[in-house]
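Numbering (my numbering), first residue to last: 841 to 1143.
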């Protein structure tokens, strides 16, 4: 018990409580199962759960390593170009006025497509009002407009109304549980991303490097394929989970707190706790630890 407590970073009484609950859970199995076999089953479940957690950590480390390699390659590429070419392909803009001016220019000039990741959940009324004439003009020219919002906007009346208006005008709107960053791509040729995703309107980078823009477009397309149309009921997977519920479960398994999950999904902490409680009830789990073991056993969590 002491070793397990040290490994998990839990107080001994929490480990003991979780272990007792697992024993109790196992005792609900077939009467023919011996105490020894139940303990073996618990041990295997714990090992399987920890193995999957380790696999997830390794996967994340590989993703970080890949991202770091890509970033260093880009930096090396930019370092090899002359200053004029670098300035032409990347621009930094600071302040809401400068950013909105660039967006207005791109909206006026684009001819084929606009792709948007709209982070932050429900959008401020002033942002929606500023976007409406631009989107209207773009759609009026027959340009394809696609927005990906967070699932949480389904509970925001103003943003939902705007999304419905977009759809009526010929735009397309889908939602996902969470997004990596705010993003605008025009004609697959120029991308706008925030310098700091936490303060998206403070400063942005406008990118015209074909390789970078193509990579961001591929990210958009992959997210778009996995997203749900706003007007449709949120589909459930083979385990009966919505995409948002699965996101909560996966983030819990990665050690995110309720506050961290709420921020990532742009929902309230209360909503996260309600969803967590619902998942635990469906799993018949008495704790998050037990819920993790049961989720693995049922195939709700994969390595």
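Backbone N, C-alpha and C define an ideal beta-carbon position, used for all residues, glycine too.
- Task: Kindly indicate the opening and closing residues of the alpha helix (DSSP H) around residue 1105.
- Result: For residue 1105, the enclosing alpha helix (DSSP H) stretches over residues 1098-1105.
Next item on the list: Can you have a look at residue 936 and say buried or exposed, based on whether 16 or more other CB atoms are within 10 angstroms of its CB?
Entry: exposed
For residue 983, which three-state DSSP category applies?
coil
**Prompt:** By Cβ distance below 6 Å, which residues in the same chain neighbour residue 1023 in space, the five residues on each side in sequence not counted?
**Reply:** 957 and 1033
N-terminal and C-terminal residue of the beta strand (DSSP E) that residue 1012 is part of: 1012-1016
Q.
Taking the straight line between their C-alpha atoms, what separation do you get for residue 1126 and residue 1119?
A. 11 Å
**Prompt:** Excluding five sequence neighbours on each side, which residues of the same chain lie with their C-beta closer than 6 Å to the C-beta of residue 1141?
**Reply:** 1093 and 1135, listed in sequence order.
Below 8 Å, can you find three or more Cβ-Cβ pairs linking the stretch 981-994 to the stretch 937-954? yes
>> Can you give me the C-alpha to C-alpha distance between residue 872 and residue 1132, rounded to a whole angstrom?
In response: For residue 872, the pLDDT reaches just 47, beneath the cut-off of 50, and the residue's location in the model is therefore unreliable, leaving the point undetermined.
According to DSSP, residues forming a beta bridge with residue 1034:
1044
Have a look at 1081, 1052 and 1123 and flag the residue whose alpha-carbon is nearest the alpha-carbon of residue 1025.
Out of 1081, 1052 and 1123, 1052 has the C-alpha closest to the C-alpha of residue 1025.
Checklist line | Neighbourhood of residue 1085 by C-beta, 7 Å cutoff - its chain only, sequence neighbours within 5 removed | finding: Within the same chain, Cβ atoms closer than 7 Å to the Cβ of residue 1085 are found at 1115 and 1119, the five residues on either side in sequence being excluded.
Check your understanding: Going along the chain, which residues of its own chain have a beta-carbon closer than 7 Å to the beta-carbon of residue 883, five neighbours each way excluded?
Key -> none
Starting from the Cα of residue 975, find the closest Cα among 964, 1005 and 996 and give me that residue. 1005
**Request:** Check the DSSP bridge columns for residue 931 and list the partner residues they point to.
**Result:** Partner(s): 1046.
Practice problem: Output yes or no for whether 8 Å exceeds the beta carbon distance between residue 964 and residue 1105. | Solution: no
Alpha-carbon spacing of residue 949 relative to residue 1090, whole angstroms = 41 Å
_Three-state secondary structure (DSSP) of residue 959_ = Coil, per DSSP.
Exposure of residue 1128, with buried meaning 16 or more beta-carbon neighbours within 10 Å = exposed
**Report entry** Straight-line gap, residue 934 to residue 967 (C-alpha atoms, nearest Å)
**Finding:** 17 Å
**OP:** Grab me the residues of residue 1002's own chain with a C-beta within less than 6 Å of its C-beta, minus the 5 sequence neighbours each way, in chain order.
**Re:** 968
Looking at C-alpha atoms only, which residue of 993, 945 and 892 is the closest neighbour of residue 960? 993
- prompt: To the nearest angstrom, how far is it from the Cα of residue 1013 to the Cα of residue 1063?
  reply: Rounded to whole angstroms, residue 1013 to residue 1063 spans 12 Å at the Cα level.
- Task: May I have the straight-line CA-CA distance separating residue 1067 from residue 995, to the nearest angstrom?
- Result: Rounded to whole angstroms, residue 1067 to residue 995 spans 17 Å at the Cα level.
Taking the straight line between their C-alpha atoms, what separation do you get for residue 1081 and residue 1061? 23 Å
*For residue 1068, name the three-state secondary structure that DSSP assigns.*
Three-state DSSP puts residue 1068 in a strand.
| said: According to DSSP, simplified to helix, strand and coil, what is residue 1021? | reply: coil
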